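**Q**
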Amino acid sequence: METQSEEQAVTKPADSGGEGGPPQVAGAQAARPEDRMTLLLRLRAQTKQQLLEYKAMVDANEEKTPEQIMQEKQIEAKIEELENEVEEAKIAFEMKKLALDRMQLSTALKKHLEKTDIKTSVLMDNMKQILNLNKLIMKSQQETWDLEEKLLDVRKKRLQLKQASERKLLEIQTEKNKQKEDLDSMENSDKIKTIQQNLETEIQITTVIQNVFQNLILGSKVNWAEDPALKETVLQLEKNLTMI
Amino acid sequence: MSALRPLDKLPGLNTATILLVGTEDALLQQLADSMLKEDCTSELKVHLARSLPLPCSVNRPRIDLIVFVVNLHSKHSLQNVEESLCHLDAAFFLGKVTFLATGAGRDSHCSIHRNTVVRLAHTYRSPLLFCDLEIEDFRATMAQRLVRLLQICAGHVPGVSALNLLSLLRGSENPSLEEAL
Chain A
49 METQSEEQAV
59 TKPADSGGEG
69 GPPQVAGAQA
79 ARPEDRMTLL
89 LRLRAQTKQQ
99 LLEYKAMVDA
109 NEEKTPEQIM
119 QEKQIEAKIE
129 ELENEVEEAK
139 IAFEMKKLAL
149 DRMQLSTALK
159 KHLEKTDIKT
169 SVLMDNMKQI
179 LNLNKLIMKS
189 QQETWDLEEK
199 LLDVRKKRLQ
209 LKQASERKLL
219 EIQTEKNKQK
229 EDLDSMENSD
239 KIKTIQQNLE
249 TEIQITTVIQ
259 NVFQNLILGS
269 KVNWAEDPAL
279 KETVLQLEKN
289 LTMI
Chain B
-13 MSALRPLDKL
-3 PGLNTATILL
7 VGTEDALLQQ
17 LADSMLKEDC
27 TSELKVHLAR
37 SLPLPCSVNR
47 PRIDLIVFVV
57 NLHSKHSLQN
67 VEESLCHLDA
77 AFFLGKVTFL
87 ATGAGRDSHC
97 SIHRNTVVRL
107 AHTYRSPLLF
117 CDLEIEDFRA
127 TMAQRLVRLL
137 QICAGHVPGV
147 SALNLLSLLR
157 GSENPSLEEA
167 L
């Protein structure tokens, strides 16, 4: 079953003044030769390029392509390899062209310098300008470098300070914790308990003695309010020792 | 109905021929008109086709560049393109084939995902261009690009060949594909 596909063709003749095809021969003879030359040169370049392409195709067709059925992954890998080869060939060519151009440029420059007067040449002005700019660039780069160094130093110092403060805070915290622990342990130790017990017994004994003295003095029916020394003693005996 | 081969005919003097393949006739016609309006030192010939293979009966010049136009709004156009690709000689894919995806602007109407077209272009190692052919300005810009591409593929630009251009265009594509995979 053949698919009927439509096809339309649209054409356009060549454009732009002067470079028309052969039909446009009319016009001033003086202007035409130049345009014709350009046209001819352009056509020559075109034909050269096209010839190059055909030659390349012929060379390519001489290489036998492997006909075996490969996995798709393998085909992809092979294609990538070939593409890389093309890239490398291109790069190598570009490098060589660059080197060649540089050599040509330097020879031309040398010849030119030999001919012209060195002091007044525009070339020398350009070169001086280039040198000045380079110096400026180098200076700016140096300044940038210095500033970056300073920045780096400041950052380092900040980091060190941060670390030091972290350490200090940690120390403070450990000290606090230790104190708290000591306090807690102290409260729970046995020594304290025995001391407390002793204190209590002493207080009780003293209270008993106080009461005994009180009763003695009151029982002796002495007027203790008249004698200031005795008054003081009695009042002192009233002191409740548990409050101390 | 043989496969289309790239270099089986001799080139016409100062002539460059482009073949636009796609299902959207109106868009192709508009694109063809924009291309013909462009200033170009070579003679341009634009052929339009809905699908390959082309009928043998017509005497046509050597085709320098084939552009497959895929409309992201219709799956049919993608299918059509995929079927047409089988009828091309492998030598065409050395820089003489380009894919053009249109309709990416209106995301809500897109039934084909962008990645599908990207992968298609990657499988065939050909450049993929995106353009909204319905908008006049974009169409004019794309026409300019296509004219330039065509000139290179026809050999009218000394020093640059289709294969050269292909490897130049390839550099920007790979990163996005790798992150998609």
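Going down the list, the sequences are from chains A and B.
Following my numbering, the numbering of the first sequence begins with 49 at its first residue and continues without gaps.
Following my numbering, the numbering of the second sequence begins with -13 at its first residue and continues without gaps.
We treat Cβ as the ideally placed atom computed from N, Cα and C, and that holds for glycine.
This one's a predicted model, so the numbers in the text were calculated from it and none came from an experiment.
#1: With distance defined between alpha-carbon atoms, name the residue in B:13, B:145, B:45, B:124 nearest to residue 56 of chain B.
#2: Is residue 219 of chain A close to chain B? Criterion is C-beta to C-beta, closer than 8 Å.
#3: Would you verify that the beta carbon of residue 127 of chain A is, or is not, closer than 8 Å to some beta carbon of chain B?
#4: If you follow the alpha helix (DSSP H) that residue 66 of chain B is part of, which residue opens it and which one closes it?
#5: Round the Cβ separation of residue 85 of chain B and residue 111 of chain B to the nearest angstrom and send it over; I've been treating them as touching at under 8 Å.
#6: Does DSSP put residue 0 of chain B in a helix, in a strand, or in coil?
#7: Would a check of beta-carbon distances place residue 125 of chain B closer than 8 Å to chain A?
#8: Nearest-angstrom Cα distance between residue 26 of chain B and residue 133 of chain B?
#9: For residue 31 of chain B, report the span of its beta strand (DSSP E) as first-last.
#10: Going by other Cβ atoms of all chains shown within 10 Å of its Cβ, with 16 needed for buried, is residue 65 of chain A buried or exposed?
#11: How long is the line joining the alpha carbons of residue 206 of chain A and residue 224 of chain A, rounded to whole angstroms?
#12: According to the neighbour-count rule (16 or more other Cβ atoms, all chains shown, within 10 Å of its Cβ), is residue 107 of chain B buried or exposed?
#13: Give me whichever residues DSSP pairs with residue 5 of chain B in a beta bridge.
#14: Check this for me: beta carbons of residue 5 of chain B and residue 33 of chain B, under 8 Å apart or not?
#15: In chain order, what residues of the segment 119 to 144 of chain A put their CB closer than 8 Å to some CB of chain C?
#16: Would residue 75 of chain A pass as an interface residue toward chain B - the criterion being a Cβ-Cβ separation below 8 Å?
#17: Taking the alpha helix (DSSP H) that residue 140 of chain A falls in, what are its first and last residues?
#18: Say whether chain A places a C-beta atom closer than 8 Å to the C-beta of residue 113 of chain B.
#19: If you draw a straight line from the C-alpha of residue 53 of chain A to the C-alpha of residue 17 of chain B, how long is it?
#20: Take every Cβ of the segment 98 to 107 of chain B, pair it with every Cβ of the segment 55 to 69 of chain B, and state whether three or more of those distances are shorter than 8 Å.
#21: Between residue 142 of chain B and chain A, is the shortest Cβ-Cβ distance under 8 Å, so that the two count as touching?
#22: Determine the DSSP secondary structure at residue 104 of chain B, reduced to helix, strand or coil.
#23: For residue 116 of chain B, report the span of its beta strand (DSSP E) as first-last.
#24: Spell out the partners DSSP gives residue 88 of chain B in its beta bridges.
#25: For residue 50 of chain B, count the other beta carbons within 10 Å of its own beta carbon; 16 or more makes it buried, fewer makes it exposed. Which is it?
#26: Report the neighbours of residue 187 of chain A on chain B: residues whose CB is nearer than 7 Å to its CB, in chain order.
#27: Of all the CB atoms in chain B, is at least one closer than 8 Å to the CB of residue 96 of chain A?
#28: Less than 8 Å between the C-beta atoms of residue 81 of chain B and residue 129 of chain B, yes or no?
**A** Taking the definition as stated:
#1: The residue you call residue 56 of chain B lines up with position 70 of the second sequence. Of the candidates B:13, B:145, B:45, B:124, the one whose C-alpha sits nearest the C-alpha of residue 56 of chain B is B:13.
#2: Here residue 219 of chain A corresponds to residue number 171 of the first sequence, with the count starting at 1. Contact with chain B is absent for residue 219 of chain A, since none of that chain's Cβ atoms lies less than 8 Å from the residue's Cβ.
#3: Start at 1 with the first residue of the first sequence, and residue 127 of chain A comes out as number 79. Yes, its Cβ sits closer than 8 Å to a Cβ of chain B.
#4: The count along the second sequence starts at 1 and reaches residue 66 of chain B at position 80. 61 to 71 is the extent of the alpha helix (DSSP H) around residue 66 of chain B.
#5: Here residue 85 of chain B corresponds to residue number 99 of the second sequence, with the count starting at 1. Here residue 111 of chain B corresponds to residue number 125 of the second sequence, with the count starting at 1. 11 Å between Cβ atoms; not a contact.
#6: Residue mapping note: residue 0 of chain B aligns to position 14 of the second sequence, counting from 1. When DSSP states are grouped into helix, strand and coil, residue 0 of chain B belongs to the coil group.
#7: Position 139 of the second sequence, counting from 1, holds the residue named residue 125 of chain B. So no, residue 125 of chain B is outside the interface.
#8: The count along the second sequence starts at 1 and reaches residue 26 of chain B at position 40. The count along the second sequence starts at 1 and reaches residue 133 of chain B at position 147. The alpha-carbon atoms of residue 26 of chain B and residue 133 of chain B are separated by roughly 8 Å.
#9: Position 45 of the second sequence holds residue 31 of chain B. Here the beta strand (DSSP E) through residue 31 of chain B covers 29 to 35.
#10: Residue 65 of chain A sits at position 17 when you count from the first residue of the first sequence. Model confidence at residue 65 of chain A stands at a pLDDT of 36, short of 50, so the residue's coordinates are unreliable; what they give is reported in the following sentence. Flag for residue 65 of chain A reads exposed.
#11: As a first step, residue 206 of chain A is located in the first sequence; it is residue number 158 there, counting from the start. As a first step, residue 224 of chain A is located in the first sequence; it is residue number 176 there, counting from the start. Distance between the alpha carbons of residue 206 of chain A and residue 224 of chain A is about 27 Å.
#12: For the purposes of this step, residue 107 of chain B is identified with residue 121 of the second sequence, where counting begins at 1. In this structure residue 107 of chain B is buried. Its beta-carbon is surrounded by 16 or more other beta-carbon atoms within 10 angstroms.
#13: The residue labelled residue 5 of chain B in the question sits at position 19 within the second sequence. According to DSSP, which records beta bridges pairwise, residue 5 of chain B is partnered with B:33, B:52.
#14: Reading the second sequence from its first residue, position 19 is the one you call residue 5 of chain B. Reading the second sequence from its first residue, position 47 is the one you call residue 33 of chain B. When the beta-carbon positions are compared, residue 5 of chain B and residue 33 of chain B come within less than 8 Å of each other.
#15: Structure shown: chain C not included; protein chains present are A and B.
#16: As a first step, residue 75 of chain A must be located in the first sequence, where it is residue number 27. Reliability of the predicted coordinates at residue 75 of chain A is poor, the pLDDT of 41 falling under 50, and the value obtained from them is presented with this limitation in mind. No - not a single Cβ of chain B is within 8 Å of the one on residue 75 of chain A.
#17: Walking along the first sequence from the start, residue 140 of chain A turns up at place 92. Residues 120 to 163.
#18: Here residue 113 of chain B corresponds to residue number 127 of the second sequence, with the count starting at 1. No - not a single Cβ of chain A is within 8 Å of the one on residue 113 of chain B.
#19: Numbered from its first residue, the first sequence carries residue 53 of chain A at position 5. Numbered from its first residue, the second sequence carries residue 17 of chain B at position 31. Annotation note: pLDDT 43 at residue 53 of chain A (below 50); position unreliable, no value reported.
#20: Contact holds: three or more Cβ-Cβ distances are below 8 Å.
#21: Counting from one through the second sequence, the residue named residue 142 of chain B turns up at place 156. Judged by the 8 Å Cβ criterion, residue 142 of chain B is in contact with chain A.
#22: Position 118 of the second sequence, counted from the first residue, corresponds to residue 104 of chain B. Here residue 104 of chain B sits in helix by DSSP.
#23: As a first step, residue 116 of chain B must be located in the second sequence, where it is residue number 130. DSSP places residue 116 of chain B in the uninterrupted beta strand (DSSP E) bounded by 114 to 116.
#24: Position 102 of the second sequence, counted from the first residue, corresponds to residue 88 of chain B. Note: residue 88 of chain B sits in a beta bridge opposite B:57.
#25: If you number the second sequence from 1, residue 50 of chain B lands on position 64. Flag for residue 50 of chain B reads buried.
#26: Along the first sequence, read from residue 1 onward, the residue named residue 187 of chain A stands at position 139. The CB of residue 187 of chain A never comes closer than 7 Å to any CB in chain B; the least such distance is about 36 Å.
#27: One-based indexing of the first sequence puts residue 96 of chain A at position 48. Contact with chain B is found for residue 96 of chain A, since one of that chain's Cβ atoms lies less than 8 Å from the residue's Cβ.
#28: To locate residue 81 of chain B, count along the second sequence from 1; it is residue 95. To locate residue 129 of chain B, count along the second sequence from 1; it is residue 143. Result no, Cβ atoms of residue 81 of chain B and residue 129 of chain B do not sit closer than 8 Å.
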